[in-house]
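Protein chains in written order, with my numbering: chain A, -5 to 322; chain B, -5 to 322.
Note that beta-carbon positions come from the ideal geometry of N, C-alpha and C, so glycine has one too.
Comments concern the structure below.
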DNA sequence: TGGAGTGCGCAAAGCGTTTTGCATAATTCG
DNA sequence: CGAATTATGCAAAACGCTTTGCGCACTCCA
């Protein structure tokens, strides 16, 4: 910048002002300076800006695993919005809440490497104390999964309860009465709400807790079959577990949906690709990401989250081939 | 830091030295300072460090779309390695080389927001001039896809040629002679190599160019069927197109693999979930990401890429259910 | 014609580190 | 025992930008 100032015969102040527009600059001078900036290919140094302003124009996103399709979609949404608002995105895979990694990323907020954090809780909720401390003094928004202990933070989630009702009503209407719920981790809000929604229609449904991976759907259904537990419908609290359940059922010689109806939740990419397609609840995950980023950045720029309202993103029932009338 | 220095009754210099260890400090003083640091919860300001050192300890990753499973895996690998080497990761989805976005991210390197860039070329190779300029003066490593015009940069790719040979040999051995190749974009190295490998076994195979999306596999096979083009095997240059092809074949009443053998490339998550499983070439995508990050950071820390060798990551043939002997 | 603006520009003070050049005291060596 | 080290610590200079406080020259209104 000094270089530009020298070449233009002005002070760095003037150059800075022509760039920021915070003080008037003679149009003639401004043009000359702008031409030189162009010519020199000058760009302001991010580090200096950061130090001076105390803001990095970077936000962080913590997800359990960036290579999971679902969280990838969230990341995409966050990144889209961040980009639109001229922020950069630093991603942090917590790898299921590896404390060392989480600590590292929380430190990013302390060192003011990032101006705020979008946090998506994963399998186990660990290090909540750390998060709580960080959130007490820095901008944090919870995406996809609310956390009771941090209820004061703004959050963005899907209509889990309503989604569960929709799909449960659908299955009920097909005549099913004996259903099993393959739920997620017990402590998660999403799990609780989804189970509650399903139970409005199937009050006695058995609830088994899985870990959101395909294998756990496979294994849990295996246990049921081994015990001759009677059921005609399986509710997966996410699509992966539902798909695992389908595989296990098939291996056992049962047909889907003729013998057993299986439904999921999420509508991940795979759900529409398998045959038959998985009946599930579509979540607008990109929107969750986008909205989270917007709330966060709004809060950062406003300097407070007092005026920031949490958001619930609507869901849709998507009926495909894995749900059918109960066998008579 | 001033605060710590005051509390300890020393100068900031001494505090800085106890932290960095670049000058000896009296053990007694050091202990006292460390305790105070702990007590105050002091962490050095990232912006100030960045300005002073000229390094941000951040690297960038540019991929076409972070929510694509394949690129998500690359991101995971890059992030893992970056984390191990104590670097942060800024992700940049280029959304198929949207020039505005690319420009923005290239600027991150200019503003020295990031110390280097892992670049994964997408569908269309645009803005190469920009990349070329950036790469001339800053650390850039190409991941997953080499680029001829930038052959001087270090790169990390899969053994595309060998992988194509493996799968082609497999299909040839099943007795097939009439094959069709659903290739990717014509200009990409991976496309060229994969086609070349397949053609060693099927010299006359028809080559159709798709865009790596499921729909294009579907559409291209549709064209073939509409023209009664005779074939018994389809090579997808990635799994998504292969899956699209399978769907179209099935809709046309053809069975896979009884009537037509279909194979892919990548071994994405979906490939093992569909029924039957997709025969394909497994790429170790996470390793591509990890290696790229390592090369980049090695280069950054060495101050030069002269000693950095490009890497080819091995692939495996994965035989599943979509390939079978030619119908007699 | 004397204030009261207002348009433009400069100098200088930070922002929070790291690093360099000196001091001073303590230790070692020939 | 004098000289050469070594150990320890401080002051001050960067790093490249933004912002604040002033000054100077106009213009405007009564």
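- Within the DSSP bridge table, the entry for residue 277/A names 309/A as partners.
- Counting only runs that start and end inside the region 196 to 234 of chain A, the beta strand (DSSP E) elements of at least 3 residues fall at 200 to 203, 227 to 230.
- The C-beta of residue 202/B comes no closer than 8 Å to any C-beta of chain A.
- For residue 260/A, no Cβ of chain B is located within less than 8 Å of the residue's own Cβ.
- In terms of beta-carbon proximity, residue 232/B stays away from the interface with chain A, with every pair separated by 8 Å or more.
- Of all residues in the region 105 to 124 of chain A, the ones placed with a Cβ closer than 8 Å to any Cβ belonging to chain B are 105, 106, 107, in chain order.
- About 4 Å separates the CB atoms of residue 71/B and residue 284/B; that is less than 8 Å, so the two are in contact.
- With a 10 Å radius around the Cβ and a threshold of 16 neighbouring Cβ atoms, residue 308/B comes out exposed.
- Within 8 Å of the CB of residue 102/A, the CB atoms of chain B belong to 40, 82, in sequence order along the chain.
- Secondary structure at residue 77/A: helix, using DSSP grouped into helix, strand and coil.
- When the Cα atoms are used, residue 84/A and residue 27/A turn out to be separated by approximately 33 Å.
- For residue 269/B, a Cβ of chain A is located within less than 8 Å of the residue's own Cβ.
- Contact of residue 61/A with chain B is assigned, a C-beta pair being separated by under 8 Å.
- Look at residue 291/A: its C-beta is not under 8 Å from any C-beta on chain B.
- For residue 76/B, the nearest beta carbon of chain A is not closer than 8 Å to its own beta carbon.
- Around the CB of residue -4/A, fewer than 16 other CB atoms lie within 10 Å, so the residue is classed as exposed.
- What residue 87/B touches in chain A, judged by beta-carbon distance under 7 Å, is 70, 73, going in chain order.
- Taking a Cβ-Cβ cut-off of 8 Å, the neighbours of residue 37/B in chain A comprise 101, 104, 105, given in sequence order.
- Straight-line measurement puts the Cα of residue 232/B at about 23 Å from the Cα of residue 135/B.
- Neighbours of residue 45/B across chain A, judged by C-beta separation under 8 Å: 39, 41, 42, 44, 45.
- A contact is defined here as three or more CB-CB pairs under 8 Å, and the region 297 to 308 of chain A fails this definition with respect to the region 238 to 258 of chain A.
- Listed in chain order, the non-local C-beta contacts of residue 82/B below 7 Å within the same chain comprise 51, 52, 76, local neighbours out to five positions each way being set aside.
- Listed along the chain, the chain B residues whose CB falls inside 8 Å of the CB of residue 31/A amount to none; the nearest CB is some 13 Å away.
- Any Cβ of chain B closer than 8 Å to the Cβ of residue 211/A would place that residue at the interface, and such an atom is absent.
- Identification of residues in the region 121 to 155 of chain B having a C-beta nearer than 7 Å to some C-beta of chain A yields an empty set.
- Around the Cβ of residue 5/B, a 10 Å sphere holds fewer than 16 other Cβ atoms; the residue is exposed.
- Each of 189/A, 195/A, 196/A was checked against the Cα of residue 202/A, and the nearest Cα belongs to 189/A.
- Remark: C-beta atoms of residue 37/B and residue 123/A do not approach each other more closely than 8 Å.
- Think of a sphere of 7 Å around the beta carbon of residue 286/B: no beta carbon from chain A falls inside it, the nearest being about 15 Å out.
- At a beta-carbon threshold of 9 Å, the residues of chain A lying near residue 264/B are 263, 264, 267, 268, ordered along the chain.
- The C-beta distance from residue 317/B to residue 273/B rounds to 4 Å, short enough to meet the 8 Å contact threshold.
- Nearest in C-alpha terms to residue 183/B, of all of 154/B, 218/B, 127/B, 217/B, is 154/B.
- Any Cβ of chain A closer than 8 Å to the Cβ of residue 242/B would place that residue at the interface, and such an atom is absent.
- By the beta-carbon neighbour count (other beta carbons within 10 angstroms, threshold 16), residue 58/B is buried.
- Bridge partners of residue 174/A according to DSSP: 200/A, 228/A.
- At a cut-off of 8 Å, the C-beta of residue 247/A has no neighbouring C-beta in chain B.
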